[in-house]
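Heads up: the sequence shown is residues 30 to 247, going by this note's numbering. We treat Cβ as the ideally placed atom computed from N, Cα and C, and that holds for glycine. Inspection log for the structure reproduced underneath, given as structure tokens.
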Amino acid sequence: MTFTFDDAPRSVYTQAYPLLKAVGLPATIYLSTGFVEVYGYIKWTDIKELEANGWEIGAHTHTHADLTKLAPGDMVTEIAKSQQLFSEHGYRPVSFSAPYGEYGERELTELKRVYSSNRAAWGNGGINNYHNRDAYNLVSLGVTLETTLDEVQKQIKAIKKDGGWLILQFHQIDNGQNEPMAFSKESIFTTKIFPEILKIILKEEVPVRTVRDIIENP
30 MTFTFDDAPR SVYTQAYPLL KAVGLPATIY LSTGFVEVYG YIKWTDIKEL EANGWEIGAH
90 THTHADLTKL APGDMVTEIA KSQQLFSEHG YRPVSFSAPY GEYGERELTE LKRVYSSNRA
150 AWGNGGINNY HNRDAYNLVS LGVTLETTLD EVQKQIKAIK KDGGWLILQF HQIDNGQNEP
210 MAFSKESIFT TKIFPEILKI ILKEEVPVRT VRDIIENP
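This is how it looks when you write it as structure tokens:
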């Protein structure tokens, strides 16, 4: 299974990362490069530390634009600007997540020129066929304030029993200490549920890997 984090609010670094690091688990973070260093969001120094500790640095456009609403030239520019900034900081992401989960054949044609995978925002309870997956339509399960631990546990047990690749999708993590809230409640999860998810994963002994690792080393 895989942990993925979108957009990169700084709480991912201050709250989720320490919990994952404590149990030696990696994650994939999809960054909108235009948000990096903005108040409430992650910093390049944070990103460097994440990568040094096994996290994959993925792409999520530059301005978090809905690619389907952009003219062809603007869509290409949006992706290219993200690539440029990553390159300037020494990164070359191969994994992508489309903002808002919005993409079609036009967008995939361009994405396939640049990236080796694209993660969707929903679908099939987040469980992909491990050996016969569609790398450019990877489904995921969004974890928010409305998600119950039972829902997540059900999917973890399902892949333990029947196989499959579960991808969990997270955004802003709320620790109850008034950190900058960059997202609506539909995109927030709490520090209460996250450690419990980790406990289940460790108990079930489910391997946790990055998107890139699974795509390149199935």
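How far does the alpha helix (DSSP H) with residue i in it reach, from first residue to last?
i: residue 102; result: 101-117
i: residue 191; result: 178-191
i: residue 15; result: Only positions 30 to 247 of the chain appear in this structure, which leaves residue 15 out of reach.
i: residue 85; result: Careful: residue 85 lies outside any alpha helix (DSSP H), inside the beta strand (DSSP E) at 85-88.
i: residue 242; result: 240-245
i: residue 98; result: From DSSP, residue 98 is part of no alpha helix (DSSP H); its letter is neither H nor E.
i: residue 225; result: 222-233
Pick out whichever of the options has its Cα sitting closest to the Cα of residue i.
i: residue 186; options: 233, 161, 201, 153; result: 233
i: residue 145; options: 223, 195, 63, 87; result: 87
i: residue 165; options: 102, 240, 188, 95; result: 240
i: residue 154; options: 36, 131, 182; result: 182
i: residue 58; options: 169, 230, 41, 245; result: 41
i: residue 202; options: 54, 70, 52, 64; result: 70
i: residue 117; options: 236, 55, 62, 243; result: 62
i: residue 190; options: 235, 47, 143; result: 235
i: residue 55; options: 85, 245, 76, 44; result: 85
i: residue 49; options: 140, 176, 74, 82; result: 82
i: residue 176; options: 66, 130, 200; result: 200
i: residue 245; options: 97, 123, 221; result: 123
i: residue 105; options: 68, 137, 169; result: 137
i: residue 188; options: 221, 229, 172, 73; result: 229
For residue i, list the residues DSSP reports as bridge partners.
i: residue 171; result: 198
Give, in chain order, every unbroken run of the beta strand (DSSP E) that is at least 3 residues long and sits entirely within the region 30-75. 31-36, 57-60
Please specify which runs of the beta strand (DSSP E), each continuous and at least 3 residues long, are wholly inside the region 121-167, giving them in chain order. 124-126, 146-148
If you pair each beta-carbon of the region 190-202 with each one of the region 156-169, do three or more pairs fall below 8 Å? With a cut-off of 8 Å, the region 156-169 and the region 190-202 count as touching, because enough Cβ pairs lie within range.
Examine the Cβ distances between the region 224-233 and the region 33-40 and report whether three or more of them are shorter than 8 Å. No: the two stretches stay apart, fewer than three of their Cβ pairs being nearer than 8 Å.
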